[in-house]
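A.B. asks: Numbering (our numbering), first residue to last: 243 to 641. Virtual Cβ for every residue (Gly too), placed ideally from N, Cα, C. If you scroll down you'll find the structure; I have some questions about it.
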């Protein structure tokens, strides 16, 4: 065997076999290595990295590689190595089965834009983005909330963030950039966490509005069910709408029905909120009163389907659920675990009474984010970052 034949073995032995006696590499690290070694002459290296995945995860990876839009968004994030500890191929398959490519694309683009801003769009700083930096920054909102801003300043000062970036002037610029971030800082980990919540809502919309007849993405299926109403309606409280004097918008109607499903997800599905400490878990179930209320609201927004008509006919005598007592001023979401994924029960109570479009986009500076801010950030992340079309709603008056 000639020298040229032995070179590949010399190249990928240290690249691949360094983990033989160590903790196995993460899904994210394997994905990065496979994507790095996709050029001519690197196929064998990529194959060896692929073999480090289970047969199930190899199959999922193959599916991802055939999804050009998803692959493009993931490739954008390769510039930030510290994001990839949170990559979970097993969950990716669950996400793909939801058929929500638009929402997934928007969230991953949101991650990319945010980290571009944090790293000053500088490839050297991007490469210096380590796992610890990502872990300490994710879900902070430094521009609005004073506790989060103070945490960013402390982490920059003590060297926790971007430890390999030593120039004081550059670190000061990174801090300034982070203190401009209005929303919660996202990551691949928060993407997976929030996809779990999005999956609950997506299944509600599929089951109760779209039905089994329509294929394609959730958004396209919902658009196929939509007939523009005479006026654009904005829901300001449960069963209370006001008209806007501009043409009806599918995007606004879709967002509002999505928010309605999110408000009452534990009454429209079999998935309940997370338990507060010391609480026992209550069984979640579809409540006919809430289902009828939800579908009547969707009908007012212009959504029509065989599924809606059949369910409303069956529930025609269902009265609206009794109005709940206002839970009062919500506690701030201090713990980072409360800022992503399925809401906790106390947060879900606030959500069900207050999460309406006019109540969003009005965050005021305070110490910690509110429940409404967290869920508004969830919506903005999955729906193109909050379009200009939505921003005037916060100050619109009824009429």
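Based on the DSSP secondary-structure assignment, which residues constitute the bridge partners of residue 475?
C.D. replies: Working through the chain shown from its first residue, we reach residue 475 at position 233. DSSP lists 485 as partners of residue 475.
A.B. asks: Near residue 550, what residues of its chain come up, given a Cβ to Cβ distance below 7 angstroms and the 5 sequence neighbours on each side ignored?
C.D. replies: Taking the chain shown and counting its residues from 1, the one referred to as residue 550 is at position 308. These residues qualify, in order along the chain: 451, 537, 540 and 541.
A.B. asks: Should the segment 357-370 be called in touch with the segment 410-428, which here means at least 3 C-beta pairs below 8 angstroms?
C.D. replies: yes
A.B. asks: Can you tell me which of the three DSSP states residue 724 falls into?
C.D. replies: A question about residue 724 goes unanswered here, because the residues of the chain that appear run from 243 up to 641.
A.B. asks: Candidates 334, 405 and 340: which alpha carbon is nearest residue 367's?
C.D. replies: As a position in the chain shown, residue 367 is number 125, starting the count at 1. Taking only the C-alpha atoms, the option nearest residue 367 is 405.
A.B. asks: Do residue 460 and residue 476 have their beta-carbon atoms positioned less than 8 angstroms apart in this structure?
C.D. replies: Position 234 of the chain shown, counting from 1, holds the residue named residue 476. Position 218 of the chain shown, counting from 1, holds the residue named residue 460. No. Outside cutoff.
A.B. asks: What is the C-beta distance between residue 501 and residue 599, in whole angstroms, given that I count them as a contact (C-beta under 8 angstroms)?
C.D. replies: Mapped onto the chain shown, residue 501 falls at position 259. Mapped onto the chain shown, residue 599 falls at position 357. Confirmed, about 7 angstroms.
A.B. asks: Only counting runs of 4 or more residues, tell me where the alpha helix (DSSP H) segments fall wholly within the segment 277-308, in order along the chain.
C.D. replies: Here the runs fully enclosed are 285-292 and 297-308.
A.B. asks: For residue 545, does the three-state DSSP call read helix, strand or coil?
C.D. replies: Residue numbering aside, residue 545 sits at position 303 when the chain shown is read from its first letter. Looking at residue 545 - three-state DSSP - the assignment turns out to be strand.
A.B. asks: Round the Cβ separation of residue 343 and residue 380 to the nearest angstrom and send it over; I've been treating them as touching at under 8 angstroms.
C.D. replies: Counting from one through the chain shown, the residue named residue 343 turns up at place 101. Counting from one through the chain shown, the residue named residue 380 turns up at place 138. About 24 angstroms separates the two Cβ atoms, so there is no contact after all.
A.B. asks: Within this structure, are the beta carbons of residue 325 and residue 319 separated by less than 8 angstroms?
C.D. replies: By one-based count along the chain shown, residue 325 stands at place 83. By one-based count along the chain shown, residue 319 stands at place 77. For residue 325 and residue 319, yes; Cβs fall inside 8 angstroms.
A.B. asks: Which two residues bound the contiguous alpha helix (DSSP H) that contains residue 239?
C.D. replies: A question about residue 239 goes unanswered here, because the residues of the chain that appear run from 243 up to 641.
A.B. asks: When the Cα atoms are used, what is the spatial distance from residue 412 to residue 364?
C.D. replies: Taking the first residue of the chain shown as 1, we reach residue 412 at position 170. Taking the first residue of the chain shown as 1, we reach residue 364 at position 122. Between residue 412 and residue 364, the C-alpha separation is close to 11 angstroms.
A.B. asks: Give every residue of the same chain whose Cβ lies closer than 7 angstroms to the Cβ of residue 432, excluding the five residues on either side of it in the sequence, and list them in chain order.
C.D. replies: In the chain shown, the residue the question calls residue 432 occupies position 190. Same-chain partners within the cutoff: 380, 381 and 582.
A.B. asks: Does the Cβ-Cβ distance between residue 464 and residue 584 come in under 8 angstroms?
C.D. replies: Position 222 of the chain shown, counting from 1, holds the residue named residue 464. Position 342 of the chain shown, counting from 1, holds the residue named residue 584. Taking 8 angstroms as the Cβ cut-off, residue 464 and residue 584 do not qualify as a contacting pair.
A.B. asks: Identify, in the order they occur along the chain, each residue of the same chain with its Cβ nearer than 8 angstroms to the Cβ of residue 528, setting aside the five sequence neighbours on each side.
C.D. replies: Taking the chain shown and counting its residues from 1, one reaches residue 528 at position 286. Shown here for residue 528: same chain residues with a beta carbon closer than 8 angstroms to its own, the five before and five after excluded, namely 509, 510, 511 and 512 in chain order.
A.B. asks: Grab the span of the alpha helix (DSSP H) containing residue 374 for me, first residue to last.
C.D. replies: Walking along the chain shown from the start, residue 374 turns up at place 132. Taken as a continuous stretch (DSSP letters only), the alpha helix (DSSP H) holding residue 374 covers 373-379.
A.B. asks: Who are the near neighbours of residue 387 in its chain, counting only those whose CB is closer than 7 angstroms to its CB and skipping five residues on each side?
C.D. replies: Position 145 of the chain shown, counting from 1, holds the residue named residue 387. Contacts found: 608, 609, 610 and 611.
A.B. asks: DSSP state of residue 497, grouped into three classes?
C.D. replies: The residue you call residue 497 lines up with position 255 of the chain shown. The three-state secondary structure of residue 497, taken from DSSP, is helix.
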